[in-house]
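In this text, residue positions in the sequence shown follow UniProt numbering: the first is 1, and each later residue adds one.
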Amino acid sequence: MFKKEVYLQRRSALQSKINSGILLFLGNEDSPMNYKDNTYHFRQDSTFLYYFGISEPSVAAIIDLDENETILFGNEMGIDDIVWMGRQKTLAEKSADAGLAKVLPLDQLDVYLKKYQEKKRSVHFLPPYRPENKIKLASWFNIPIDQLKEQSSLSFIKAVVSQRSIKSAEEIVELDRAASVSADIHLMVMQTAKPGMYERELAAKIQGEALAAGGNLAYPVILTVRGEILHNHYHGNLLSEGQLVLNDSGVETALGYAGDLTRTFPVAKKFSAEQKDVYDIVLNAYTHAKNLLAPGVRYLDVHLASCKMLAQGLKDIGLMKGNVDDAVQAGAHAMFFQCGTGHMMGLDVHDMEDLGEQYVGYTDDLLKNTTQFGLKSLRLGKALEAGYVLTVEPGVYIIPELIDRWKAANQFTEFINYDKLEQFRNFSGIRVEDDFLVTENGSRMLGKHLALTTDEIESIRSGAY
1 MFKKEVYLQR
11 RSALQSKINS
21 GILLFLGNED
31 SPMNYKDNTY
41 HFRQDSTFLY
51 YFGISEPSVA
61 AIIDLDENET
71 ILFGNEMGID
81 DIVWMGRQKT
91 LAEKSADAGL
101 AKVLPLDQLD
111 VYLKKYQEKK
121 RSVHFLPPYR
131 PENKIKLASW
141 FNIPIDQLKE
151 QSSLSFIKAV
161 VSQRSIKSAE
171 EIVELDRAAS
181 VSADIHLMVM
191 QTAKPGMYER
201 ELAAKIQGEA
211 LAAGGNLAYP
221 VILTVRGEIL
231 HNHYHGNLLS
241 EGQLVLNDSG
251 VETALGYAGD
261 LTRTFPVAKK
271 FSAEQKDVYD
281 IVLNAYTHAK
291 NLLAPGVRYL
301 DVHLASCKML
311 AQGLKDIGLM
321 KGNVDDAVQA
331 GAHAMFFQCG
341 TGHMMGLDVH
351 DMEDLGEQYV
361 GYTDDLLKNT
371 TQFGLKSLRL
381 GKALEAGYVL
391 TVEPGVYIIP
401 ELIDRWKAAN
411 QFTEFINYDK
421 LEQFRNFSGI
431 RVEDDFLVTE
441 NGSRMLGKHL
451 ALTTDEIESI
461 RSGAY
């Protein structure tokens, strides 16, 4: 946990943003894998973690804005818990660490909520994503489960988003640490990979190093020679010369802050000429995008500028043709780049995604209402502010099924050279990704430098095996 003053200040700032009522915070519970006592790794709800810092299951809290009262609800360990888990810090001690004075048994939360409803007081809650919390809210407020998202408090959502979006000094320290440890792990993978290894061997090393660093994975490892599959969690392929390894992985610190890096490198000691050409196209788009980061710049414009750089590079090697601006406006570049150039990051690798993409990445004046393939997957479009932390992650992904579908429909024939593209059919994919803090005058990369150019990567690979 941070110092208790951090949590006191965060809760005080939140209270100043909403006029009246009760703010309800639901922590997460243990989630069974196959029976009650065999659970998945516990991860606390990030908003609960942000305001209270207590990472244990089955806790909740309320802030009564009118009475200026904050209450934590949870149960102390019983003797059975102590026998199985050992004596740990008491809930009272943890609450004191978070600057909380009042702690009540968990079953008292029902009593308080009934009292508020009887007095017709407004209870604000955030959109639930865990089934158990959906069931609780539906029961307490007599709301059908499929309507909970619509019934959640918009003022509460916007207040949390505005506060959590601007990272404080202590948060930046954690995010720097997460990015640096992630970079160390990526370097280890580049130094270790060799022909004849299975993807799973490298994925296991990544997870082990994340645990050894005192945290955990920020998200499931993407370690694959099938880099054209954007979120590929299959690790059963054997590495062989001629292939590319795409490693998208990041650690989460003990306090819950995420790193999110991607590098692509050859299984061989060197890139092929074709691989190097495409890698440099992606790297140029990455460099152009990161150089645009500054307060007041819309990330939508950063994304579109990055897409034009990709399209120009693809045109230069004969995969695209025609006017680059027109191609990107029409969405033809999405044959090669089907997602967004980046997203907000913090306590969540896709920060606050549970609260709604429209509120986190867009604004009332900039609605996310496009259905265009590729652009619809851009999670962040709004103007940047100092204190934002985000990723920059352009890529090129050659998806055979997409080629077949668009070619059969004669789609974008004025922009895509399908004859040339057939030669790249089994190319796979390349992504480059780093994490950035928006500063008062521009931006800076978080964490330590990780090999980025083909020369740097080949230098590491030359001593790998």
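Ideal placement from N, C-alpha and C gives every residue a C-beta, glycine not left out.
Counting of Cβ neighbours within 10 angstroms places L211 among the exposed residues, the total staying below 16. In this structure, A305 and L319 do not form a Cβ contact; the two beta carbons are roughly 19 Å apart against a cut-off of 8 Å. The count of Cβ pairs closer than 8 Å, one atom from the segment 356–363 and one from the segment 377–384, reaches three, so the stretches are in contact. Contact holds between the segment 256–263 and the segment 428–445, because three or more Cβ pairs, one in each stretch, are under 8 Å apart. Rounded to the nearest angstrom, the gap between the Cα atoms of H288 and L310 is 10 Å.
Taking every protein chain shown into account, the CB of S153 has 16 or more other CB atoms within 10 angstroms, so this residue is buried. Annotated as proximal: G227 and R431, with beta-carbon spacing under 8 Å. In terms of CA proximity to M188, G250 leads the group L255, L300 and G250. Note on geometry: alpha-carbon atoms of F125 and A254 lie some 27 Å from one another. Boundaries around E171 are those of the alpha helix (DSSP H), A169 to T192, since no beta strand (DSSP E) includes it. The Cβ-Cβ distance between N247 and L223 falls below 8 Å. Under the DSSP assignment, G361 falls in the alpha helix (DSSP H) whose first and last residues are E357 to G361. Rounded to the nearest angstrom, the Cβ distance from L65 to G21 is 6 Å, consistent with a contact under 8 Å.
Under the Cβ criterion (8 Å, minimum of three pairs), the segment 6–22 does not count as touching the segment 33–40.
Annotation: the continuous beta strand (DSSP E) that includes P266 extends over L261 to P266. For the pair P195 and V267, the CB atoms are nearer than the 8 Å cut-off. Taking C-beta atoms as the reference points, A285 and I416 fail to come closer than 8 Å. At a Cβ-Cβ threshold of 8 Å, E201 and V225 do not count as neighbours. Nearest to H343 by C-alpha distance, out of S377, I317 and L366, is S377. Taking 8 Å as the cut-off, the Cβ atoms of M335 and L230 do not count as close. Just so you know, the alpha carbons of A386 and E440 end up roughly 5 Å apart.
In the displayed model, D351 falls within coil according to three-state DSSP, outside both helix and strand. Contact annotation: the segment 83–98 touches the segment 50–65, with at least three C-beta pairs closer than 8 Å. The continuous alpha helix (DSSP H) containing A311 extends over residues Y299 to D316. Boundaries cannot be given for D30, as no alpha helix (DSSP H) includes it and DSSP labels it neither H nor E.
Taking 8 Å as the cut-off, the Cβ atoms of P127 and K149 count as close.
DSSP, reduced to helix, strand and coil, places A254 outside both helices and strands of the structure shown, so it counts as coil.
In its chain, beyond the 5 residues on either side, A289 and L292 have a beta carbon closer than 6 Å to the beta carbon of V302. If the five residues before and after K448 are omitted, its C-beta is found closer than 7 Å to the C-beta atoms of S180 and A183, all from its own chain and listed in chain order. In the DSSP assignment, S12 falls within the alpha helix (DSSP H) that extends over K4 to Q15. In this structure, Q108 is the residue among Q108, R87, R177 and V160 with its C-alpha nearest to the C-alpha of W140.
In this structure, Q338 lies away from Y299, with their beta-carbon atoms at least 8 Å apart. For the pair F271 and T192, the Cα-to-Cα distance works out to about 17 Å. According to the DSSP secondary-structure assignment, R444 is paired through a beta bridge with L437. Each residue's CA atom was taken as its position, placing S168 and K276 some 39 Å apart. Under the criterion of beta carbons closer than 8 Å, G74 and L24 do not qualify as touching, at roughly 14 Å.
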